[in-house]
Each structure stands twice: as structure tokens, then as C-alpha cells.
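Chains as they are written, first to last, in the UniProt record's numbering: chain R, 1 to 273; chain Y, 1 to 398.
Written out as C-alpha cells, the structure reads:
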């Protein structure tokens with residue numbers, strides 16, 4: 001039987017608790033299996049210790065069209081190590097013995113189709129993931145998966161983009177679960193020196209059509225960028241800049257864990273307290 | 001039974017639009033623009049004028065008598081798309097899409113290319129309409145299709161070599177999609193095959209349907225009846241959908257798609273997604289896909305760069321499921337033999353892609369009666385492949 005405090009309910013409770021304290025969430029992304037699943041496990045636990053509120057685990061797909069060079073390289077490393085959706089679900093099962101932190105998978109649709117959508121809903125709930133973000137599953141194509149995830153309480157978290165029309169934002173809001181991933185810019189994942197104003201505008205437009213928590217991601221790379229974003233969004237998502245720390249420290253696991261975790265801690269500390 | 005038009009980009013359970021949200025509004029804009037212009041007689045007239053006056057249509061339906069006599073069975077007719085301006089069927093689609101981009105007010109065009117035929121056609125049309133043009137091409141293909149790279153550059157296009165992944169067509173599409181995600185506001189993505197997200201499979205099919213329309217009329221004029229088989233090679237499926245679309249309603253006419261068997265299907269190195277793949281989602285559409293048990297896309301191999309692609313257009317997947325079309329694989333060796341036989345009997349050098357269709361006709365014709373005839377879509381000419389062929393001849397000599 002599913003614990004009440006998992007899935008969509010867990011994500012909602014996490015945001016609600018922060019909201020009551022007037023705080024914002026930090027959501028780091030790493031690619032599962034980069035460079036191996038044991039390291040991913042240690043990183044998840046360390047990032048939780050460093051204050052991450054929700055953790056996104058990328059499940060590597062051979063053709064990541066929404067990702068920039070840094071996550072593409074992480075994807076290659078993870079695939080070279082044989083990482084699969086099954087092995088990531090096993091990892092989550094192990095992690096659940098040690099941590100309660102909300103875990104959201106981010107991937108591409110074909111991996112779920114190959115695994116089986118029904119099986120994914122069932123096993124995902126059993127092992128204790130909380131939600132899933134599918135980069136290439138727009139709202140029109142998502143009903144089949146959503147109708148399987150809803151009964152087991154898992155969140156299908158949608159993405160919205162600066163190019164989304166008002167009609168699309170409304171449709172997406174209506175079918176969103178957990179939170180909404182607002183893509184800060186027109187482009188692929190990856191660090192940017194300066195963030196365009198599109199993200200802030202998107203948050204404003206989204207507020208008009210939903211009361212769900214809004215997380216802003218894509219391009220955010222520095223702790224200095226966090227306070228401004230946190231004024232507008234309910235959560236900040238950082239991926240490539242963290243993955244870059246892993247990439248820079250592949251020759252020393254200790255350094256990899258320390259540097260990555262320190263970076264996450266700096267990001268968390270940059271949130272308004 | 002087989003419907004030509006589609007709702008929301010679906011062909012049965014195939015097709016759809018599996019793309020990042022950033023691209024959805026652009027695809028909707030494109031679908032609306034296309035719906036408008038496809039009903040607009042002035043647009044259609046302009047398109048047909050370019051096809052006739054610029055690309056040199058209609059293309060000939062040529063009776064390959066010496067080839068047919070050599071095989072001793074059904075007569076073989078070649079639909080000579082190789083004689084179009086730029087040397088392949090690709091120009092049909094590109095003239096339509098460049099005209100569409102022009103009407104939509106887009107100034108920058110991007111494209112992917114495998115063999116370079118679509119890239120050359122796109123570079124040509126962009127020069128004609130005064131649009132800037134960037135073409136993504138796998139690094140492996142840049143090397144084996146060097147002549148086409150030079151042609152694109154001479155036409156003013158920028159060719160971007162993609163060395164990621166398998167460095168072939170699939171990876172060129174990945175990079176083109178990433179470019180489009182980034183520059184969607186001012187960029188038109190001129191997709192080269194009847195695959196990808198809605199509305200591309202329908203747009204490309206419609207712009208290529210001139211092949212089948214002409215071939216059907218020419219059959220009736222020359223032979224006074226319909227063919228006993230229509231054969232086309234299949235990479236993404238644009239030349240196949242182009243010629244098949246003229247015969248979809250003629251259920252007595254068998255449609256045969258020829259995929260790239262590479263080293264042989266049982267050898268594992270091939271690009272025959274309909275013959276050996278399973279349904280999945282890649283590049284925006286649900287279709288047949290060469291993938292491992294975990295859903296990772298497999299690397300493909302074909303001697304023909306234009307067939308070296310792990311998925312296929314969704315309407316072809318639907319035609320397979322419905323039993324309306326049959327799909328077979330021809331391996332590299334057989335394609336080379338087909339090339340050689342057409343060259344020596346008819347004095348025509350076919351593209352290595354089209355050589356797969358030639359090889360299938362060579363297999364089928366002797367099993368058919370002499371009063372039957374086959375139409376083979378000769379989708380492109382082989383000049384671009386002389387480098388690859390020289391290497392193969394060298395291998396044989398060693």
C-alpha cells in the first residue's frame with residue numbers, strides 16, 4: 001500500500017511546508033549513473049544533507065534533444081556504464097532505505113514506452129519515486145501516462161516554455177501535478193552567463209493560470225543568480241552547472257562528492273532564508 | 001480503408017508530436033500556415049510553376065528495356081526523379097517548404113541531411129528565395145558525401161558537421177532540433193523526410209505526392225493500366241510516401257518499400273526499422289524504431305547515407321500495420337550489384353539509396369509475367385556516391 005507521504009502528495013507537502021515558512025525550494029539535477037550509480041547514490045544523500053529539497057535524477061537516453069553539451073556528455077558517461085531505467089528504479093529503491101527526500105525522474109518518453117507505461121507506474125510507486133518529467137511529452141500526448149500515474153499517486157510534472165501560448169499554459173496548468181517546470185529561456189539545457197528576462201515573464205504569466213508551485217530551470221549556473229529568481233519562483237532548478245562539477249572531478253571520487261555538494265550548499269544558502 | 005488525410009497528425013497509433021514544449025507553438029504555427037496555404041490556389045499554382053519551370057517536372061517514366069530483357073520477367077519502368085534539378089526527389093519537398101517559409105516571413109532556414117541530397121536541395125531553394133541556410137550533417141556523412149558538402153557551400157549554405165553519437169543522420173536531426181529549440185522565433189526547420197513531428201509527415205508527403213500522381217497518370221497513358229508493383233527505397237520515407245501516395249486507393253497495386261539491410265539483418269548492422277524494429281518514439285513521432293530492450297536507439301549501418309536512419313515515417317508504419325504496403329531489406333552487397341546492373345544495361349548511375357530499390361526489382365521481375373510491369377522510383381542519381389563506390393571497387397580488388 002502506498003504511503004500517503006509519497007508521490008504528488010509528498011511534493012505538495014514539501015512546497016506547502018516551505019511556503020508556510022516563507023522559504024523557497026532548491027532542486028538539483030544530476031544524471032543517474034554519471035559516472036556510476038554508486039556515486040549517484042552517495043550524491044543524492046549528500047545533496048539532501050546540503051539542503052536540497054527535491055532531487056531530479058536524469059535517466060539517460062541515447063538521443064537527448066532537449067539537452068545541451070554538458071548533460072549530453074553526462075548522458076554518454078551514464079550510458080557507457082550501462083545505466084537503464086530499471087537500474088535507476090533499483091537505485092531509488094535502495095535510496096528509500098536511507099532517505100525520504102522527494103525524488104523526481106527526468107527523461108525521454110521512449111524509455112518509458114520500452115519499459116511499459118503500466119509497469120512504470122506500478123514499479124515507480126513501489127520503489128518510491130515521487131514524480132516524473134518527460135522532456136519530449138507535451139500535454140497533448142500525456143493523457144495515457146497521466147491516467148496511469150494518477151491512481152498510484154505519482155506526479156506527471158509538465159514543462160512550460162517562454163514560447164507557450166496562453167491557451168497552452170491554461171491547458172498545461174489544468175493537467176499539471178506536483179509543480180510546474182518553467183523553462184527560463186528558449187533553448188536547450190546548459191549554463192548561461194546572463195539570464196534573459198523571459199523566465200520572469202513566464203512565471204508571471206503562469207501565476208495567472210495556476211496556484212501550483214512554479215520551479216524555474218535551464219541556464220541557471222551561479223549562486224548569485226538565485227536570490228532574484230527566488231523572488232519570483234517557488235523553486236530553483238540547477239542541472240548543467242552541477243553536472244559540470246561532476247565532469248571536472250571524474251578522476252577523484254572524494255573531490256567529486258565534496259565539490260558537487262559544496263556547490264549545492266552554496267546554491268541552497270543563496271536562497272532567501 | 002487507407003485514409004489520406006489525418007487528424008492531429010495521427011496515422012492509426014503512429015505519428016503525433018513528441019517534442020519539447022518550446023517547439024509546440026512553432027509546430028502549431030506551421031500546421032496552421034500549411035493548412036492555409038495548402039488550400040490556397042495561388043500558393044499551389046506558384047508551387048507547381050516552380051516544380052515545372054525550375055525543377056524540370058514532370059519527371060519521365062522510362063521503360064528500362066535492356067534491364068527488363070536481361071531479367072526476363074516483368075517490364076521495369078523507372079520514375080526518373082534523378083533527372084530533377086539537384087539530382088533527386090528532394091527538390092520537390094524543398095521547393096514547397098521554402099515557399100512556405102518565405103510566405104511565413106522566416107528568414108533563416110535550417111535542415112538536416114544524410115546523403116546530402118536534401119541539404120543540396122535546401123541550399124538551392126534558399127538561394128532561390130534569398131533565405132539564409134544552415135545544414136546539419138553527420139561527420140561520417142560529411143566525409144563520405146564530400147561532393148555534396150562542396151555543392152552546398154558553393155550555393156552559399158553553411159554546413160555544420162555533427163560528430164556526436166553515431167555521426168550520421170540521426171545525430172544531424174538531434175542537432176538541428178537543438179538549434180530549432182534555441183532559435184525557433186526566427187527559424188524555419190526544413191525537414192527532409194516524411195517523418196518527425198506533426199505536421200512534417202503530412203507536409204513532406206503532400207509535396208512529394210507529385211511523384212505518385214505523375215507515375216499513375218503516366219502508367220495509364222503508356223500502358224493503359226496500373227502497375228503490378230510499385231517499388232521505392234525507404235530511409236525516412238519521403239520518396240516512398242511520394243510515389244505510394246498516388247496508388248494508395250488502388251488496393252490491387254502492391255506497394256513495396258525497400259529498407260537498408262546493411263551487412264545483413266541477422267548481422268545486426270543495418271537500418272531496416274520496419275523490417276526489424278519495434279514501435280517507439282524518436283524525433284517527435286511514434287513509429288518503428290531500431291532500439292534495444294531498454295529503449296535506447298541502436299546505431300545503424302548502411303552503405304547509403306540517406307537510408308542510415310533508425311526510424312521511419314509514421315504513415316509507412318501505419319501502411320505496414322494495415323498490410324497496405326510490404327517492406328523488405330536489401331543489403332549493401334545487393335545494392336551494389338543493383339547499381340552495377342543498372343549502370344551497365346541502361347547507362348544510368350543510380351544513387352546508392354535508389355540502388356536498393358533497383359536490387360529489389362531485380363529480385364522480383366524474373367518471378368513475374370512478361371505482361372506485367374513494375375514502377376521503380378529512381379529517387380536520385382549516383383554521382384555523389386562515386387567516392388564510396390571507388391572504395392568498394394578497391395576493396396574487391398584487394
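For each residue, glycine too, the CB sits at the ideal point set by N, CA and C.
Remember, it's a predicted structure, so these values are computed and weren't measured experimentally.
| Check | Outcome |
| --- | --- |
| Cβ neighbour criterion (16 or more within 10 Å) applied to residue 226 of chain R | buried |
| In chain order, each alpha helix (DSSP H) run of at least 4 residues that lies wholly inside the segment 150-180 of chain R | 166-175 |
| Cutoff 8 Å: residue 193 of chain R Cβ touching any chain Y Cβ | no |
| Residue 96 of chain R, enclosing alpha helix (DSSP H) - first and last residue | Neither: residue 96 of chain R is in no alpha helix (DSSP H) and is coded neither H nor E. |
| Contact with chain R by residue 22 of chain Y, beta-carbon distance below 8 Å | yes |
| Under the three-state DSSP convention, the category residue 133 of chain Y falls into | strand |
| Proximity winner among Y/297, Y/376, Y/283, relative to residue 271 of chain Y (alpha-carbon distances) | Y/297 |
| Expected contact under 8 Å - CB spacing of residue 15 of chain R and residue 179 of chain R to nearest Å | 7 Å |
| Where residue 177 of chain Y meets chain R, residues with beta-carbon distance less than 7 Å | 65 |
| DSSP state of residue 31 of chain R mapped onto helix, strand, coil | strand |
| Residue from Y/247, Y/220, Y/43, Y/366 whose Cα sits closest to the Cα of residue 230 of chain Y | Y/247 |
| Residue 81 of chain R versus residue 229 of chain R - alpha carbon distance | 35 Å |
| Inter-residue spacing [alpha-carbon to alpha-carbon] between residue 199 of chain R and residue 90 of chain Y | 39 Å |
| Member of R/197, R/185, R/175, R/260 whose CA lies at the smallest distance from the CA of residue 68 of chain R | R/185 |
| Whole-number beta carbon distance between residue 250 of chain R and residue 35 of chain R, since they are thought to touch under 8 Å | 6 Å |
| Where residue 17 of chain R falls, given that 16 or more other Cβ within 10 Å makes a residue buried | exposed |
| Classification of residue 222 of chain Y by the beta-carbon crowding that lies within 10 angstroms, buried from 16 upward | exposed |
| Assigned exposure category for residue 130 of chain Y - 16 Cβ within 10 Å defines buried | exposed |
| Limits of the alpha helix (DSSP H) - the one that residue 279 of chain Y falls within | Counting along the chain, residue 279 of chain Y falls outside any alpha helix (DSSP H), though it belongs to the beta strand (DSSP E) covering 278-282. |
| Exposed unless 16 or more other CB atoms sit within 10 angstroms - verdict on residue 72 of chain R | buried |
| Residue burial classification, residue 207 of chain R (beta-carbon count within 10 angstroms, cutoff 16) | exposed |
| Per-residue contacts from residue 26 of chain Y into chain R (C-beta, under 9 Å) | 163 |
| CB contact below 8 Å: residue 282 of chain Y versus chain R | yes |
| Residue interval of the beta strand (DSSP E) (run including residue 108 of chain Y) | 108-113 |
| Simplified DSSP assignment, three categories, for residue 377 of chain Y | strand |
| Enclosing alpha helix (DSSP H) for residue 159 of chain Y [first to last residue] | Not the alpha helix (DSSP H): residue 159 of chain Y falls in the beta strand (DSSP E), residues 158-162. |
| Element boundaries [beta strand (DSSP E), containing residue 258 of chain R] | Residue 258 of chain R -> not in any beta strand (DSSP E); alpha helix (DSSP H) instead, spanning 253-270. |
| Span of the beta strand (DSSP E), counted from its first residue to its last, around residue 259 of chain Y | 255-262 |
| Short CB-CB distance (under 8 Å) between residue 81 of chain R and chain Y | no |
| Closer than 8 Å to chain R by CB, residue 302 of chain Y | no |
| Beta-carbon gap between residue 87 of chain Y and residue 285 of chain Y smaller than 8 Å | no |
| Helix, strand or coil at residue 226 of chain Y according to DSSP, with G and I counted as helix | coil |
| Proximity to residue 51 of chain Y [Cα-Cα], best of Y/125, Y/19, Y/75 | Y/125 |
| Euclidean distance between Cα positions of residue 55 of chain R and residue 103 of chain R | 5 Å |
| Distance CB(residue 215 of chain Y)-CB(residue 357 of chain Y) smaller than 8 Å | no |
| Cutoff 8 Å: residue 2 of chain R Cβ touching any chain Y Cβ | The predicted model places residue 2 of chain R with a pLDDT of 40, which falls under 50 and marks its position as unreliable; any figure quoted below should be read in that light. No - not a single Cβ of chain Y is within 8 Å of the one on residue 2 of chain R. |
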